[in-house]
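Shown next, in structure tokens, is the structure this report addresses.
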Amino acid sequence: MKNIKTNIIAVAALLSILTATSCVNDLEQQPITDVTSASVFNDFANYPMALAKIYGGFANGGQSANGGNSDINGIDGNFSQYTRVLYTLQTLPTDEAVIAWNDGNLQTIHKMTWDSSNEFVEGAYYRIFTQIATSNEFLRNVTDEKLASNNITGTNLTEAKYMRAEVRYLRALSYYYALDLFGNVPFVDESYLPGSVNPPKRISRTELFNFLESELMAVAGDLKDPKANAYGRVDKAAAWSLLARLYLNSQIYNGSNHYTDCITYCNKVIQAGYSLKTKYADLFLADNDKNNPEVILPVAFDGVHIQTSGGTTYLIHAGVGGSMPGSSFGISGGWGGLRTTKAYVNLFSGSTSDQRRSFYTDGQNLEINDLGVFTDGYAFVKYKNLTSDGKPGSDASGNFCDTDIPIFRLADIYLMYAEATLRGGSGGNAATALGYVNALRTRAGAGTVASINTDYILDERGRELGWEMTRRTDLIRYGKFTTGAYLWPWKGGVKDGKSVEDYRNLYPIPAKDIIANSNLVQNPGY
């Protein structure tokens, strides 16, 4: 992955595939450079760089450093960076986070009052479909026929087919987020040619679920074996992990029960040789790409080669403010934005020894009287731009961070297995599920428990996976995201929290895309 990191900017100049404007149809434009896809894919030496562009699209929001020359016209390349928009839509509207900033309509996300013109919802939508577009362009050019016509043979052919499988997975990952966040969306694959007169067709949530299931099952057979690929690149275990997550949430996505399938694919990952990293905090440090047997798939960052104000640069800088010294986090200084709520703090009540209970409280108020004041709300200390031996990251200025963000790691698989087992999935074992939960608690210094139930798993997921962009999905699965069954400060826009309309379990299709594509239908309530 280090080689991919250093090639991301270079490939942008070589292959600036498909910029996006105001509608998904525009995401399928011809390349805007003098270099054509045909000339790029004629030489296998360009394949790793073309692949790097796709992986790099999860880390950088533009063709230049720090989100410059944004991939998406009209949307800042840092605000729309992939993991940053995921955090905005998956974490910010939950008990896990609030933000002090008042950029545009940002405050409507935690207050759960967004509408179909919200620029941050748009940023997530177009980022997802930009990634799908770049993936499609790659896939158009690595069919068996194209590989043969370009005389790609021998070991190069073998590697090209592995790359093709990786890109199919990465496209599926983006379609998974489209499924989860937006439900019924436009659908394009590599057969939809740039410049097509007809706009993309709409795919229902059930149809998209079926596509993802079949695509992931197919691609899993074509990927490299678990842990056989370079760090940061996709393998079979990544496909199994995404299938497990898809199946765990199937009741929400299409009303079906797939807990048994979730257990099956969790077991495949668990049996693939992963293990828990000894120290929990080391999972979120600047050298977390080293000696990390737990992470299945990360988004990789590098303070020198992948400079972005999204990613962990955003999570670390924005999470530091008040009296918090930037040097303690390996950064030049804080941006005074992100904190957590007392509802999240209360998940750790009675367990002060839990190492995941990492809050900065000096000068911070537990109560959030004003969302715009950084000192209202405890700071949540998770990601740092320090190595495991306390050294700062590679960027000497302290502006950009090295810390990678895990998309899937073994702890999540353990918790999915436990929940699916408790929900009645066949093939799961209650004692094994309890053992997995206690392994996580022991690692965190929290002490073991004698029994667990599904509600306990939700809380444990909050403790273990805080700020890892799963919380909204988890709360929806438990029926607690919109309803009054669980409240947190400023949910619904009031200090003590209130229930909101159930239609907010989905985000709206951006209004400008509804106008541009007559095939689309707005989600109910918007």
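In mature numbering (1 follows the signal peptide of the UniProt record, and there is no 0), the protein residues as written are -22 to -1, 1 to 504. Where a beta carbon is used, it is the ideal one built from N, C-alpha and C, also for glycine.
Buried or exposed (CB count within 10 angstroms, at least 16 for buried), residue i
i           : result
residue 586 : In the structure as shown, the chain starts at -22 and stops at 504, and residue 586 therefore has no counterpart that could be examined.
Pro502      : exposed
Gln249      : exposed
Tyr243      : buried
Thr133      : exposed
Pro486      : buried
Glu479      : exposed
Val472      : exposed
Asn56       : buried
Asn363      : buried
Gly368      : exposed
Met141      : buried
Gln333      : exposed
Ala(-10)    : For Ala(-10), the predicted model reports a pLDDT of 37, less than 50, meaning its position is unreliable and no value from the coordinates is stated.
Glu345      : exposed
Asn483      : buried
Residue i, DSSP secondary structure in three states
i           : result
residue 528 : The first residue shown for the chain is -22 and the last is 504, placing residue 528 beyond what the model contains.
Asn245      : helix
Ile32       : helix
Asn20       : coil
Ile53       : coil
Ala102      : helix
Pro467      : coil
Leu135      : helix
residue 505 : Outside the shown range of the chain, which is -22 to 504, sits residue 505, and nothing can be said about it.
Ser48       : strand
Arg401      : coil
residue 521 : This structure cannot settle anything about residue 521, because the visible part of the chain is limited to -22 through 504.
Asn343      : strand
Pro26       : helix
Ala374      : coil
Val76       : strand
Gly462      : coil
Ala357      : strand
Gly251      : coil
Asn119      : coil
Ile430      : coil
Phe352      : coil
Gly413      : helix
Gly503      : coil
Gly440      : helix
Ile130      : coil
Integer-rounded CB distance, given that residue j should sit under 8 angstroms from residue i
i           : j      : result
Trp466      : Gly475 : 5 angstroms
Ser182      : Asp265 : Actually they are not in contact, since the Cβ atoms of Ser182 and Asp265 sit about 44 angstroms apart, beyond 8 angstroms.
Thr381      : Thr290 : 4 angstroms
Tyr155      : Leu224 : The pair is not a contact, with the Cβ atoms about 11 angstroms apart (cut-off 8 angstroms).
Tyr252      : Pro271 : 6 angstroms
Trp468      : Lys214 : Contact doesn't hold; Cβ gap of about 42 angstroms is too wide.
residue 506 : Gly315 : Examination of residue 506 is not possible in this model, given that the chain is present from -22 through 504 alone.
Ala138      : Tyr25  : 6 angstroms
Tyr504      : Asp158 : Not quite, the Cβ-Cβ distance comes to about 17 angstroms (not below 8 angstroms), so this is no contact.
Gly288      : Gly39  : 6 angstroms
Leu70       : Ile53  : At roughly 17 angstroms, the Cβ-Cβ gap does not stay under 8 angstroms, so Leu70 and Ile53 are not in contact.
Glu115      : Ser228 : Incorrect: roughly 31 angstroms between the Cβ atoms, too far for contact.
Gly444      : Gly376 : Gly444 to Gly376, Cβ: 24 angstroms. No contact.
Leu186      : Leu221 : 14 angstroms between Cβ atoms; not a contact.
Pro488      : Val120 : At roughly 31 angstroms, the Cβ-Cβ gap does not stay under 8 angstroms, so Pro488 and Val120 are not in contact.
Ala321      : Asp73  : 4 angstroms
For residue i, the nearest candidate out of the options (CA to CA)
i      : options                           : result
Ile492 : Ala43, Trp79, Arg180 and Arg146   : Arg180
Thr339 : Val323, Ala398 and Asn347         : Val323
Asn83  : Thr72, Val415, Glu74 and Thr66    : Thr66
Ala278 : Asp437, Ser152 and Phe36          : Phe36
Ser192 : Asp158, Arg146, Pro204 and Gly210 : Arg146
Ser58  : Pro26, Ser15 and Ile106           : Ile106
Asp200 : Val273, Arg149, Ala143 and Gln85  : Ala143
Ala357 : Leu221, Trp313 and Val163         : Trp313
Asn44  : Thr184, Leu70, Pro71 and Ile284   : Ile284
Leu254 : Ser375, Phe386, Pro178 and Thr69  : Phe386
Thr184 : Tyr237, Leu453 and Tyr153         : Tyr153
Phe18  : Leu125, Asp54 and Phe98           : Note that residue 18 is Val in the sequence shown, not Phe. The candidate whose alpha carbon is nearest that of Val18 is Leu125.
Val499 : Phe160, Thr91 and Gly462          : Phe160
Ser336 : Ala424, Val282 and Gly371         : Ala424
Thr61  : Thr460, Gly444, Pro384 and Asn80  : Pro384
Pro204 : Tyr481, Asp452, Thr14 and Leu388  : Leu388
Gly297 : Asn269, Gly328, Val273 and Val351 : Val351
Gln85  : Asn162, Ala428, Gly470 and Ser234 : Gly470
Residue i: CB within 8 angstroms of a non-hydrogen atom of the ligand FMN
i      : result
Ile130 : Questions concerning the ligand FMN fall outside what the structure shown contains, since it holds no ligand whatsoever.
Enumerate, from N- to C-terminal direction, the unbroken alpha helix (DSSP H) stretches of 4 or more residues contained entirely within the segment 311 to 340. 320 to 323
Ignoring anything shorter than 3 residues or poking outside the segment 161 to 242, list the beta strand (DSSP E) runs there in chain order. 163 to 165 and 179 to 181
With a floor of 4 residues, list each alpha helix (DSSP H) that falls wholly inside the segment 260 to 311, ordered by position along the chain. 289 to 296
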